[in-house]
DNA sequence: TTGTAGGCGTTATCAG
DNA sequence: CTGATAACGCCTACAA
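Protein chains in written order, with full-length UniProt numbering: chain A, 1 to 346; chain B, 1 to 346.
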């Protein structure tokens with residue numbers, strides 16, 4: 001097994017000094033055309049590539065961005081990663097991804113691991129457990145050490161960091177307004193308990209939409225579930241029970257899964273979609289596209305979030321050192337994708 | 001902005017030498033209990049963590065595994081990553097993920113980037129373009145430099161590397177056999193052209209299953225499409241046309257998307273599933289679970305693949321240097337998940 | 001028990 | 001034009 005080629009080896013081979021080789025390869029004018037060519041030819045022939053680790057140590061920069069997310073099987077995070085990846089590539093950064101599995105300890109471990117030289121900065125979405133524990137010392141520690149942090153999606157206030165968020169309230173409002181425009185007047189919502197920020201904001205958007213049409217908010221048409229990323233049997237049962245015999249003509253749900261299950265339940269109840277009941281959901285994946293009927297969604301543009309987050313981070317990394325840092329919060333717009341589960345707007 | 005704490009800083013602060021600090025922190029018996037305690041207390045207080053980059057440079061090991069995959073929005077790869085992540089964590093390795101976007105140049109770039117010190121070894125699934133180009137110099141170069149490689153899913157022969165594969169032939173055979181067991185006798189398959197290995201092998205499994213039931217393979221019941229990871233309008237049209245008026249009682253497809261579209265088309269044709277026609281597909285995601293009706297699938301266990309791939313790589317990394325390397329090919333079993341799209345086996 | 005020196009691979013500075 | 005030296009942060013053999 002061959003050892004990797006280094007400046008030292010080249011130097012020895014060509015009988016020059018290490019610094020001559022280094023300079024030649026970086027096209028320094030200090031080196032004579034002759035030796036430069038000779039060295040470059042040799043390096044090329046044997047496929048010399050500088051060692052990144054050594055460069056990182058020297059430059060105290062890794063050109064690597066760390067992403068820490070709760071889970072990767074969630075389609076939303078997947079798209080965000082892709083966005084970060086793109087932007088990072090465009091700026092010659094690497095991306096290193098760590099999963100917290102929604103576990104506080106793991107999130108802390110991951111951050112400490114990456115903070116020890118592997119990474120120049122972080123993009124992260126907090127683990128559920130972290131939110132509950134309300135313990136963010138790992139964030140502040142990283143930031144204290146001079147590592148910029150960009151939070152996205154699941155964020156906390158009070159941390160000196162940029163943030164990238166989906167405009168949940170506005171998105172929900174748009175979705176419900178679409179239902180209203182197509183003629184729905186008795187619209188139910190399937191959301192989460194208020195301690196989940198996302199659910200709370202989307203519920204708020206739902207209420208605002210109704211109010212703008214002067215429709216009274218009916219508590220009986222609001223179902224708040226504990227889950228957010230999944231929909232187990234118990235959760236399905238609640239949805240079924242909730243929809244059973246309700247006099248409604250529209251349903252808005254805060255994720256795809258709830259919508260799919262609602263769609264099934266309504267179908268079982270003999271309702272036709274969208275003739276009897278229309279459905280709109282917040283979405284981050286393909287499920288709504290391939291469901292039967294396919295679902296009209298408020299789409300989240302995770303890729304754009306990722307790009308924006310990476311952009312913010314890179315700006316901080318490459319920007320000049322400033323006395324007083326400023327932090328921005330970006331809202332990524334949602335957009336409505338009309339499919340089969342809603343009627344046409346007249 | 002505080003600078004990160006280093007051995008040097010601690011040494012200066014406590015007025016001892018750097019090596020004393022280093023030794024104390026590593027609990028060397030050389031250092032007196034006294035100074036050891038003092039140094040450790042200080043380090044703990046100020047939260048000293050050794051710099052990974054420096055360690056990597058020193059040890060010529062990064063304890064980082066590179067994964068290179070065509071795309072991340074594909075659910076299958078997502079699960080594989082999770083598996084790799086798990087195993088890596090258990091062995092104290094980092095994981096760094098790069099996307100090739102099925103682009104040859106990008107795959108080469110990524111590998112070169114990571115091969116220059118960022119990574120101790122690779123786990124990769126080849127880009128489609130790489131397969132077509134039949135150019136694997138980036139693999140052999142990395143391997144020549146002493147970086148072990150584990151290929152998975154989309155692999156080539158002739159490269160000195162371990163491989164982890166889904167047993168496509170066996171999986172397809174199992175799926176089709178299930179259809180046969182439930183009483184289906186006229187089974188169509190929607191697959192890919194033979195140049196896609198995965199499609200070819202699954203087609204083979206289909207044929208074997210039929211033959212084991214002494215059923216003649218009917219070319220008219222085989223649809224070969226160009227796509228594999230997607231299903232565009234043209235592709236949907238072909239599926240519709242293929243199924244139109246065919247006298248069949250079962251459909252096997254090599255991915256979820258084809259199955260969902262087939263299901264829709266059959267439904268449109270007035271067929272009832274599974275009463276008239278049963279459906280089984282190879283799958284890697286949730287689509288089949290949430291489809292209406294939900295689809296019986298041959299499940300791929302991506303996570304297990306990831307774990308196995310990581311295990312193989314770590315074995316190579318930590319195993320003793322041997323004169324003659326041996327390479328293994330692991331097959332990950334598939335399993336049948338029965339859902340609504342097939343009848344019960346009598 | 002503590003400290004010094006050298007090296008991992010690279011680059012920048014300065015001397016020849 | 002070329003080379004020696006120091007430094008990035010850490011570890012370790014060896015010297016004191």
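Every residue, glycine too, gets a C-beta built ideally from N, C-alpha and C.
Proximity below 8 Å, CB of residue 108/B to CB of residue 67/B: no
Select from the stretch 70-89 of chain A all residues with a C-beta closer than 7 Å to any C-beta belonging to chain B, and list them in chain order. 72, 73, 78, 79, 81, 82 and 85
Is the beta carbon of residue 332/B less than 8 Å from the beta carbon of residue 72/A? no
What does residue 68/B reach in chain A if we use C-beta pairs closer than 9 Å? Those within 9 Å of residue 68/B in chain A number zero; the least Cβ separation is about 12 Å.
Residues in the UniProt domain "HTH lacI-type" (5-59) of chain A with C-beta within 9 Å of chain B's C-beta atoms, listed in sequence order? 5, 47, 49, 50, 51, 52, 53, 54, 55, 56 and 57
Min CB distance residue 255/B to chain A below 8 Å: no
Under 8 Å, Cβ to Cβ, is there at least one residue of chain B near residue 95/A? yes
Pull the bridge partners of residue 122/B from the DSSP assignment, please. 66/B and 149/B
Under a three-way DSSP split, which group does residue 179/A fall into? helix
Out of 170/B, 216/B and 215/B, which one is the CA nearest neighbour of residue 202/B? 170/B
What residue ranges within the stretch 69-127 of chain B form continuous alpha helix (DSSP H) runs of no fewer than 4 residues, ordered along the chain? 75-90 and 104-115
Using a threshold of 8 Å, state whether the C-beta atoms of residue 254/B and residue 282/B are closer than that. yes
What do you get for residue 195/B, buried or exposed, if any count of 16 or more other CB atoms within 10 angstroms of its CB means buried? exposed
Residue 143/B, DSSP secondary structure in three states: helix
Within 10 angstroms of its Cβ, does residue 308/A collect 16 or more other Cβ (buried), or is it exposed? buried
Check residue 246/A in the structure and name its three-state DSSP category. coil
Whole-angstrom C-beta distance between residue 75/B and residue 285/B, which should lie under 8 Å: 4 Å
Who are the neighbours of residue 199/A on chain B, taking C-beta pairs under 8 Å? Residues of chain B passing the Cβ test: none, with the nearest at roughly 21 Å.
By Cβ distance below 8 Å, which residues in the same chain neighbour residue 221/B in space, the five residues on each side in sequence not counted? 186, 187, 188, 189, 246 and 248
Quick one: list the residues of chain B neighbouring residue 298/A, beta-carbon separation under 7 Å, in chain order. Going along chain B, no residue has its Cβ under 7 Å from residue 298/A, so there is no contact; the nearest lies around 18 Å.
Bridge partners for residue 281/B per DSSP, in chain order? 253/B and 297/B
In three-state DSSP terms, what is residue 56/A? helix
If contacts are defined as beta-carbon pairs under 8 Å, then residue 130/A and residue 152/A qualify, I think. What distance do you get, rounded to the angstrom? Not a contact, Cβ separation roughly 14 Å.
Could you say which of 49/B, 24/B and 51/B lies nearest to residue 39/B if we only look at CA atoms? 24/B
Comparing C-alpha positions only, which one of 319/B, 242/B and 256/B sits nearest to residue 266/B? 242/B
Less than 8 Å between CB atoms is the rule here; does residue 227/A satisfy it with respect to chain B? no
Name the DSSP bridge partner or partners of residue 191/B? 224/B
Quick check on residue 320/B: buried or exposed, where buried means 16 or more other Cβ atoms within 10 Å of its Cβ? exposed
Against chain B, which members of the stretch 214-246 of chain A pass a CB distance test of less than 8 Å? none
So what does DSSP say about residue 218/A, is it helix, strand or coil? coil
Helix, strand or coil at residue 10/B according to DSSP, with G and I counted as helix: helix
Return the CA-CA distance between residue 302/B and residue 294/B, expressed in angstroms with no decimal places. 20 Å
Should residue 364/A be flagged as near chain B, meaning a C-beta pair shorter than 8 Å? Nothing in the structure corresponds to residue 364/A, since chain A is present only between 1 and 346.
Taking 8 Å as the CB-CB limit, is residue 353/A close to chain B? Coverage of chain A is limited to positions 1 through 346, which leaves residue 353/A absent and any answer about it impossible.
Classify residue 232/B as buried or exposed, calling it buried when 16 or more other Cβ atoms lie within 10 Å of its own Cβ. exposed
Outcome for residue 160/A when other beta-carbon atoms lying within 10 angstroms are tallied against a minimum of 16: exposed
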